[in-house]
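Numbering (UniProt numbering), first residue to last: 1 to 527.
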């Protein structure tokens, strides 16, 4: 949860456009900025809980030390978390429709609240990729990034495989891996909680054994739905039960009282499923016959800009709450995403919340926001982790998939994202008419912009990772749509306490598809 300190109370950080206007003034004028009154804006960055206290802002004078980083220093920051994995076309069992994937993360929060995961299913088939955007801390996103893929993998297993898994545990035999993880060294696992996580997972697969029959093949859509809902239920139950270990007791409560959105892709042959809960986003890059790239959106944002989501939430509560259940584009006036893991403050009844907090560790009770009950809280639950699932049959022209946290989409339009990635992967740059966005420019300035565009083409491959290349554009693009090194440098050199005012954490996973394999698979299915 990110707040800006204002006087002796907390007020939310300003709107994206306001942040950019302020930043532009700072960067262009001086390394010192004038006293500013920060007014609460109509739409703060995603995942901000609005303070229930009355904000009392006053003028402050601060010093922003902005440094011009050298290109190697910029590259070092941008590439610190990049990861790539090339998938063998034939893994000994199947021919893969996935050529490989590349990912990256750039923090704005300290520590970063986003998480990412990538894994290959070993007991079944398919590749899993996911982006998890945390709020009110990173605990829930961390737990979901470690656990959700196991729940999905177990949900996809046929009855006989589940029985073999249970027998191995029951009789103490070595347990063969369920997943092959593809992780950057910074993508850590919380070792202390592994036994707890395993016990909850085992209980889940035992229940699946009872509910399924020999020879029954799980439906992918139902498996994804079940995995999301069950993990969220386990997060809630673990927090209610607690743990004799003081650290684990505190940890499970931190996970439950924070929250995380999730956008997950399961790719098996030509079948692509996107399971999304929240406002991360998945888009498909489609190469048209003329070589240009178009965007095909595979997820819907679950927030106040989605009329269907607004209608769903209003329909789940009495007419008397119609004006209070969504206020100022937030759930109960507080939470931006309308679907998320954790966030038990929006799911448990008031009595349960008070009971768990009273028996919890002192550290949790010292957190004012944990103890705070949302206003107009009458008919919980108000929040769900149930995902919206979209199935897409891959075609040879479907060249890549981009999954990104909302920090990416706040800075770049989805069509621009697809264009940047498509040009990078193909090396073919589709020059659009140069736009100056209403700015008055001289002929000399126009010539400079054209020369900059030419230089950008020649240096397009300075990034060996396409996610890094996209991130460079997301942070460094200027008003003319080109990467401005000075702007990029200053954005990356902002101190931790200021960085979150101008952008969110950014996490990107880009998957490339093999059109030849997909074409052959489509022909087999049609014959």
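Think of the CB as a built atom: it goes at the ideal place given N, C-alpha and C, for glycine as much as any other residue.
* In terms of DSSP beta bridges, what is residue 102 paired with? -> Here residue 102 is taken as the residue at index 102 of the chain shown, counted from 1. The partner list for residue 102 (beta bridge, DSSP) reads 84, 510.
* Rank 491, 480, 370 by C-alpha distance to the C-alpha of residue 501 and give the top, closest one. => Along the chain shown, read from residue 1 onward, the residue named residue 501 stands at position 501. Taking only the C-alpha atoms, the option nearest residue 501 is 491.
* Asked: By Cβ distance, which residues of its chain are closer than 8 Å to residue 247, with the 5 residues on each side in sequence left out?
  -> Along the chain shown, one-based indexing puts residue 247 at 247. Closer than 8 Å at the Cβ level, and outside the excluded window around residue 247, lie 192.
* Is DSSP giving residue 348 helix, strand or coil here? -> To locate residue 348, count along the chain shown from 1; it is residue 348. Reduced to three states, the DSSP call for residue 348 is coil.
* To do: Check whether the Cβ atoms of residue 123 and residue 157 sit closer than 8 Å, and answer yes or no.
  => As a position in the chain shown, residue 123 is number 123, starting the count at 1. As a position in the chain shown, residue 157 is number 157, starting the count at 1. Against a cut-off of 8 Å, the Cβ pair of residue 157 and residue 123 comes out as a contact.
* Inspect the beta-carbon positions of residue 228 and residue 387 and report whether they are closer than 8 Å. => The residue you call residue 228 lines up with position 228 of the chain shown. The residue you call residue 387 lines up with position 387 of the chain shown. Yes, the Cβ-Cβ distance between residue 228 and residue 387 is below 8 Å.
* Check whether the stretch 303–318 touches the stretch 346–357, counting contact only when three or more Cβ pairs, one atom from each stretch, lie closer than 8 Å. => They do not touch, by the three-pair rule.
* Evaluate contact between the stretch 98–113 and the stretch 461–478, counting only Cβ atoms and requiring at least three cross-stretch pairs below 8 Å. => Contact holds: three or more Cβ-Cβ distances are below 8 Å.
* Asked: In angstroms, rounded to a whole number, what distance separates the CA positions of residue 480 and residue 364?
  -> For the purposes of this step, residue 480 is taken as residue 480 along the chain shown, with counting starting at 1. For the purposes of this step, residue 364 is taken as residue 364 along the chain shown, with counting starting at 1. So the alpha carbons of these two residues sit roughly 47 Å apart.
* Presumed contact (8 Å Cβ cut-off) between residue 405 and residue 114, rounded CB distance -> As a position in the chain shown, residue 405 is number 405, starting the count at 1. As a position in the chain shown, residue 114 is number 114, starting the count at 1. Here residue 405 really is in contact with residue 114; their C-beta atoms are around 5 Å apart, less than 8 Å.
* Rounded separation between residue 304 and residue 359 - CA only -> If you number the chain shown from 1, residue 304 lands on position 304. If you number the chain shown from 1, residue 359 lands on position 359. For residue 304 and residue 359, the distance between alpha carbons rounds to 35 Å.
* Go to residue 259, then tell me how far its beta strand (DSSP E) extends in each direction, as first and last residue. => Counting from one through the chain shown, the residue named residue 259 turns up at place 259. First-last of the beta strand (DSSP E) with residue 259: 259–268.
* Asked: Alpha carbon to alpha carbon, how far is residue 205 from residue 495?
  -> Numbered from 1 along the chain shown, position 205 holds the residue referred to as residue 205. Numbered from 1 along the chain shown, position 495 holds the residue referred to as residue 495. Straight-line Cα distance between these residues: approximately 46 Å.
* To do: Using 10 angstroms around the beta-carbon of residue 400, count the other beta-carbons present and answer buried if the total reaches 16, otherwise exposed.
  => The count along the chain shown starts at 1 and reaches residue 400 at position 400. Counting Cβ neighbours within 10 Å, residue 400 comes out buried, since at least 16 surround it.
* To do: Under 8 Å Cβ to Cβ from residue 202, same chain only, skipping five residues before and after it: list those, please.
  => Here residue 202 corresponds to residue number 202 of the chain shown, with the count starting at 1. Same-chain partners within the cutoff: 166, 169.
* What is the DSSP secondary structure of residue 276, counted as helix, strand or coil? -> Within the chain shown, residue 276 is the residue found at index 276, counting from 1. Note: residue 276 maps to strand in three-state DSSP.
* Inter-stretch contact (C-beta, 8 Å, three-pair minimum) for the stretch 410–430 and the stretch 319–332 -> No, the stretch 410–430 does not touch the stretch 319–332.
* Asked: Roughly how many angstroms lie between the CA atoms of residue 518 and residue 100, to the nearest whole one?
  -> For the purposes of this step, residue 518 is taken as residue 518 along the chain shown, with counting starting at 1. For the purposes of this step, residue 100 is taken as residue 100 along the chain shown, with counting starting at 1. Going from the Cα of residue 518 to the Cα of residue 100 covers about 14 Å.
* **Three-state secondary structure (DSSP) of residue 474** => The residue given as residue 474 occupies position 474 in the chain shown. In the displayed model, residue 474 falls within a helix according to three-state DSSP.
* Give the range of the alpha helix (DSSP H) segment to which residue 372 is assigned. => The sequence position of residue 372 within the chain shown is 372, counting from 1. Counting along the chain, residue 372 falls outside any alpha helix (DSSP H), and DSSP gives it neither H nor E.
* **residue 150 classed as buried or exposed, judged by whether at least 16 other C-beta atoms fall within 10 angstroms** => Residue numbering aside, residue 150 sits at position 150 when the chain shown is read from its first letter. Classified as buried, residue 150 has 16 or more neighbouring CB atoms from the shown chains inside 10 Å of its CB.
* Exposed or buried, which one is residue 315 when buried takes at least 16 other CB atoms within 10 Å? -> The residue given as residue 315 occupies position 315 in the chain shown. Answer is exposed; the Cβ neighbour count stays below 16.
* Can you give me the Cβ contacts of residue 521 inside the same chain, cut-off strictly under 7 Å, excluding the 5 residues immediately before and after it? => For the purposes of this step, residue 521 is taken as residue 521 along the chain shown, with counting starting at 1. The answer, listed in chain order, is 97, 269, 270.
* To do: Kindly list the residues whose CB is nearer than 7 Å to the CB of residue 245, restricted to its own chain and excluding five residues on each side of it in sequence; keep chain order.
  => On the chain shown, position 245 is the one that residue 245 refers to. So no residue of the chain qualifies.
* Asked: Should residue 287 go down as buried or exposed, given a rule of 16 or more other Cβ atoms within 10 Å for buried?
  -> Mapped onto the chain shown, residue 287 falls at position 287. With at least 16 other beta carbons inside 10 angstroms of its own, residue 287 counts as buried.
* Just grab the DSSP bridge partners of residue 282 for me. => Translated into positions along the chain shown, residue 282 becomes position 282. Answer by DSSP bridge pairing, in chain order: 403.
* **Nearest neighbour of residue 110, chosen from 384, 497, 161 [CA to CA]** => Indexing the chain shown from 1 puts residue 110 at position 110. Residue 110 has its Cα closest to that of 497, out of 384, 497, 161.
* Looking at the structure shown, is residue 127 part of a helix, part of a strand, or coil, going by DSSP? -> Translated into positions along the chain shown, residue 127 becomes position 127. Three-state result, residue 127: strand.
* To do: Would you give the residue range spanned by the alpha helix (DSSP H) that residue 76 belongs to?
  => Here residue 76 refers to the residue found at position 76 of the chain shown. 71–78 is the span of the alpha helix (DSSP H), which, as asked, contains residue 76.
* **Extent of the continuous alpha helix (DSSP H) to which residue 294 belongs** => By one-based count along the chain shown, residue 294 stands at place 294. Premise fails: residue 294 lies in the beta strand (DSSP E), 293–297, not in any alpha helix (DSSP H).
* Asked: For residue 410, which three-state DSSP category applies?
  -> The residue labelled residue 410 in the question sits at position 410 within the chain shown. Residue 410 carries a coil assignment under DSSP once its states are collapsed to helix, strand and coil.
* **Complete alpha helix (DSSP H) runs within the stretch 214–245 (minimum length 4 residues, chain order)** => Fully enclosed alpha helix (DSSP H) runs of no fewer than 4 residues occupy 220–241 of the stretch 214–245, in order along the chain.
* My understanding is that residue 281 touches residue 263, with C-beta atoms under 8 Å, so please give their C-beta distance in whole angstroms. => The sequence position of residue 281 within the chain shown is 281, counting from 1. The sequence position of residue 263 within the chain shown is 263, counting from 1. The Cβ separation is near 7 Å, so the contact holds.
* To do: Could you check what DSSP says for residue 287 in three-state terms: helix, strand or coil?
  => Within the chain shown, the letter at position 287 stands for residue 287. Residue 287 falls in the strand class under three-state DSSP.
* To do: Under the assumption that residue 239 contacts residue 260 (Cβ atoms under 8 Å), give the Cβ distance between them as a whole number of angstroms.
  => As a first step, residue 239 must be located in the chain shown, where it is residue number 239. As a first step, residue 260 must be located in the chain shown, where it is residue number 260. No, residue 239 and residue 260 are not in contact; Cβ-Cβ is about 14 Å, not under 8 Å.
* Reference residue 354; option with closest CA among 253, 382, 180 -> Looking up residue 354 in the chain shown gives position 354. Checking every option, the nearest Cα to that of residue 354 belongs to 253.
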